[in-house]
Structure formats: C-alpha cells, structure tokens
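UniProt numbering puts the first residue of the sequence shown at 1, with every later residue one more than the last.
One structure below.
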Amino acid sequence: MAKGDPGVTARSRRAAPRSKRAAGGRVGDPELVQLLTPEGDRIESAVGPDGTEYRVDFTDEEYRGLYRDLVLVRKLDAEATALQRQGELGLWASLLGQEAAQVGSGRALRTQDMAFPTYREHGVLYCRGIDPIMPLSLFRGVDQGGWDPNEFKFNMYTIVIGAQTLHATGYAMGVNIDGRTGSDDGEAVIAYFGDGATSQGDVNEAFVWAGVFNAPLVFFCQNNQYAISQPLEKQTRIPLYQRAAGFGFPGVRVDGNDVLASYAVTRTALDNARHGQGPSLIEAYTYRMGAHTTSDDPTRYRIASEVESWQAKDPIARMKAFLVKQQLADDTFFAEVDEQARREAVDLRERVLAMPDPEPVSMFDHVYPNGSPLLDQQRAQFSRYMESFEGSAH
Ligand SMILES: Cc1ncc(C[n+]2csc(CCOP(=O)(O)OP(=O)(O)O)c2C)c(N)n1
Ligand SMILES: [Mg+2]
C-alpha cells in the first residue's frame, strides 16, 4: 500500500528521474501531463496548461506499493469478470486498462476526503480500504451495495450516468458551509465520471454549481474513449479538460495510464480544493481495454489494432518496466505480488460463492431508516403471501 506524499517523503536515489520535460513533451501529446513513459522512464516534472508543475517523490517502498495495488485490482477485477461468465454475478463493469487512473487518484485521497464513484471504480474502492467483495454482492443481487459511505468516505456506486456529480457538488457545498476547508486538514471531494457522462445535463449543472459556489470538488473524468459503443468524437469537439474554462475553473489532462502522474495531478487538485481554491476538472486520458460491461461485445464497434495500440501503453507494464530499470524490484518481488493477487482472488471467489441468498422479505428493510406504517403493511402482506407457499412443491 502506497502512502506517498510528494515533497514529504524521502526521494528514492536509485529512482532518480532521467530528465525534466514540460507537459507531455512528446510529439502529438502536447497536452498530456506524464511522469512515466510507456517504456517505464521517469520524467522529473511536468507542467500543466495553467503553469502548475507536477512531480512525485515516493520512496522505493511506495513505488513498489503502487505496483502491488495495480496488480491486485486487475486480478480481482479479472476474477469478478470470470465469476460473471460462470453465472455467479448478474453483471460486471470491468476496470481493465483504467487501473492507474483509479489507483493514482485513489491513493491521492487523504483520509478525510469524500469520493463519489460510478459503477466502475473498483480500484478507488480498494484504495479506500473497502473489502473488494462489497460491489460483488451488489452485482450478485444479494444486497443493495453494502458499505457505509460515511465510514469509508466512499459513496454508493451510481449507475445513473452523471448523477453522482450533482450529489458530490451538494456534498462539497455542505463542506464549505460547515467551514471544513481552508487548511491541510480540510476536506476535499472527488467525483468520478466518464467521457460519455460529460454530455449529461447533470454533469454540466454540477460544473455550474460547483464553480459558482467555489465547492471543494475535483471532477475526475476517466476518458476511456467510449460510452458503451459511442466513441469520444460523438461527445465533444474539443479536449474534455478544456470545457472547465467555460465554467470558470482549471482543467488538466493527465496520462491516465500513468499512476504517478494520476497521483500527482489529483493530489494537487485535492489540496487546492481543501485550501478553499474551489473546483477543478481532471481528464484522465485512458482506455477501456475490455468490454463496457459483461453484456457488451466491443468487437462490434472497435478494431483490434486500436486495442493493440493501447496495450503498448499498459499501466502495469510501464510501472514494472520502471521498477526493473531502476532496480527497485526483482523477480522474487514480482512473483510474490502475483502470488498475493492469486490468493486474494481465490479468497474473493470462495466468499462470493458462500454468500447466502437474502430472505425475500428483507427487501423492505432499508427503504426508510425508521420504517413507515405503509411499508409495515406491505411487509405483512408479502409475508403472508410467502407463507402461502409453505409445504407446497413451489
Ligand atoms: C442517465 C442514464 N442514461 C443512460 C444510461 C445507460 N448507460 C449506462 S453506461 C452508459 C455509458 C457511459 O459512458 P461513460 O460516461 O463514458 O462511462 P464508462 O462506462 O465508459 O466508464 C450509458 C449510456 C444510464 N445508466 N443512465
Ligand atoms: Mg467512457
């Protein structure tokens, strides 16, 4: 587990970066903040469009911790996909390819920060310390989500596209009203959403309200290039991060397959928010390597060569290349991480298969916190109905 804090932790001497480059610094990618190239080479710092300089300063242990996180969340995600294929889950929305955007931003959150996910943020959920089985019980249909948003500072998964950006804005406005910003201990809020969600009214309304009320909110858009079958060019004619300017707050595009840059950019945006500097938009430029969900067949709308070109930018491969090149990890370490991932996946599978089916009458339990007379009536009626089957073959 990485707890890196740029500027605070000791710099790794062996991991000393090669060179310093302005944002991207690569032909064709002038707008991308990147600190780790696809080949695994470190870039000392990168400059965002508003002149902000981004860098990280992790210890060797923290670099290895980030790699471990990436491998674990990918393995658990693959296990969930397999469980769905075997009929054990109703549906699964895989994060394959988006591990760095999620682990980088998830590890950038401080304990007091609040996150509002979509249905795909299993990596952020993992970083928040929530048992990875929680979303599986939701997708198995045996409960309605399961975790306490206040305990973990991680809201329920939201399937309604973009709705959580409004929830996050309202929450962040409340943080301001309660006076919980203005210091290092201040609370910042992060709202996750996709490229397709940027076309939703909810998201644009959230931008307006967050901007006007200076809400301590980071809008974190994982641009994975598709909204189910709809490619990015159907959502926008300008880079998504540039939309922020129209709402009066900063926007930045980060290489979402680079865990270091994703961390650096998110940590800066969160710290700005907690210090009262208002909202910002991060566009994490990444790619959905798998299907939209297990109900989708991406071969019907995208070509194999496109997927292959993104495989060359794989977030885990580049972190591994970095660790090897800098001699921060050896084969024993990589084998041990793989073994841990295998064990955790087996454990996840066994616990999913052992999940009890809920009593049908329990569907009335969480409708209202304190119940209601009408609901009591319905519960009693339903119980009588269920009892009518007792002793019968049905
Ligand atoms: C309000 C609403 N409209 C439509 C849908 C159906 N739907 C589910 S996922 C999705 C695409 C979302 O794409 P994007 O925002 O890019 O997120 P991604 O799934 O790529 O992470 C749509 C249209 C929905 N869930 N909610
Ligand atoms: Mg998308």
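Virtual Cβ for every residue (Gly too), placed ideally from N, Cα, C.
Do the CB positions of residue i and residue j come within less than 9 Å of each other?
| i | j | result |
| --- | --- | --- |
| L83 | R288 | no |
| G182 | H275 | yes |
| T106 | L136 | According to the sequence shown, residue 106 is Gly rather than Thr. Not closer than 9 Å, so no. |
| P315 | G97 | yes |
| Q222 | G194 | yes |
| R267 | A115 | no |
| V56 | L260 | yes |
| E187 | P216 | yes |
| G248 | G211 | yes |
| A269 | A101 | no |
| V218 | S280 | yes |
| G174 | Y157 | no |
| R342 | E31 | no |
| V73 | G104 | no |
Using DSSP with H/G/I as helix, E/B as strand and the rest coil, what is residue i?
| i | result |
| --- | --- |
| S392 | coil |
| R55 | coil |
| M237 | According to the sequence provided, residue 237 is Arg. The question's Met does not apply to it. Three-state result, R237: coil. |
| Y285 | strand |
| F249 | coil |
| R110 | coil |
| L270 | helix |
| G24 | Note that G24 has pLDDT 38, beneath the 50 cutoff, so the model's placement of it is unreliable and the number below is only indicative. Three-state DSSP puts G24 in coil, outside helix and strand. |
| I43 | strand |
| A100 | helix |
| Y226 | strand |
| G276 | coil |
| A191 | strand |
| D255 | strand |
| A215 | coil |
| V307 | helix |
| P149 | helix |
| L36 | strand |
| P117 | coil |
| P315 | helix |
| P360 | helix |
| P231 | strand |
Find the nearest neighbour of residue i within the set the options, judged by alpha-carbon distance.
| i | options | result |
| --- | --- | --- |
| I238 | T198, G256 and F322 | T198 |
| Y192 | T118, V265, A261 and L136 | T118 |
| R64 | A354, E344, M156 and Q326 | Q326 |
| W209 | A329, D184 and H167 | H167 |
| R384 | V265, H366 and P360 | P360 |
| V142 | M173, L91, I159 and G174 | L91 |
| N204 | V189, L240 and Y263 | L240 |
| F154 | G104, I190 and M173 | I190 |
| Q378 | S388, E390, K234 and M363 | M363 |
| S229 | I177, S295, G391 and D131 | S295 |
| Y263 | G246, D357, E62 and N370 | E62 |
| R120 | I159, D376, L375 and Y54 | I159 |
| T286 | A244, K320, Y226 and A321 | Y226 |
| E233 | A206, F213 and G196 | G196 |
| E344 | A78, L374, S388 and F58 | A78 |
| P358 | A245, L138 and E53 | L138 |
| residue 404 | E44, F58 and R85 | As displayed, the chain neither begins before 1 nor continues past 394, which places residue 404 out of reach and without an answer. |
With a 10 Å radius around its C-beta and 16 neighbouring C-beta atoms as the bar for buried, classify residue i as buried or exposed.
| i | result |
| --- | --- |
| K75 | buried |
| G28 | Residue placement at G28 is poorly supported in this model, since its pLDDT is 35, which falls under 50; the coordinates are not used for a value here. |
| I282 | buried |
| D184 | exposed |
| G129 | exposed |
| G251 | buried |
| N224 | buried |
| A23 | Note that A23 scores a pLDDT of 42, beneath 50, so its modelled location is shaky; the value from the coordinates is reported in the next line. Burial call: buried. |
| Q381 | exposed |
| I303 | exposed |
| T81 | buried |
| D255 | buried |
| E151 | exposed |
| Q34 | buried |
Leaving aside the five residues before and after residue i along the sequence, list all residues of the same chain whose C-beta is less than 7 Å from its C-beta, in chain order.
| i | result |
| --- | --- |
| I133 | L348, R351 and V352 |
| F333 | R64 |
| L365 | It should be pointed out that residue 365 corresponds to Asp in this sequence rather than to Leu. For D365, where only same-chain residues beyond five positions count, there are no Cβ hits under 7 Å. |
| T165 | A191, F193, D202, V203, A206 and F219 |
Going along the chain, which residues of its own chain have a beta-carbon closer than 8 Å to the beta-carbon of residue i, five neighbours each way excluded?
| i | result |
| --- | --- |
| A291 | S94, D297 and P298 |
| E88 | R140, V352 and L353 |
| R318 | L36, T37, P38, E39, G40, N257 and D258 |
| V324 | G40 |
| residue 481 | With the chain covering 1 to 394 only, the question about residue 481 has no answer from this structure. |
| E53 | S45, A46 and V47 |
Once the 5 residues before and after residue i are set aside, which same chain residues still bring their CB inside 6 Å of it?
| i | result |
| --- | --- |
| V337 | R68 and V71 |
Let me see if you follow: with CB-CB separation under 9 Å, is residue i close to chain C or not?
| i | result |
| --- | --- |
| D57 | Absent from the structure is chain C; it holds one protein chain and no more. |
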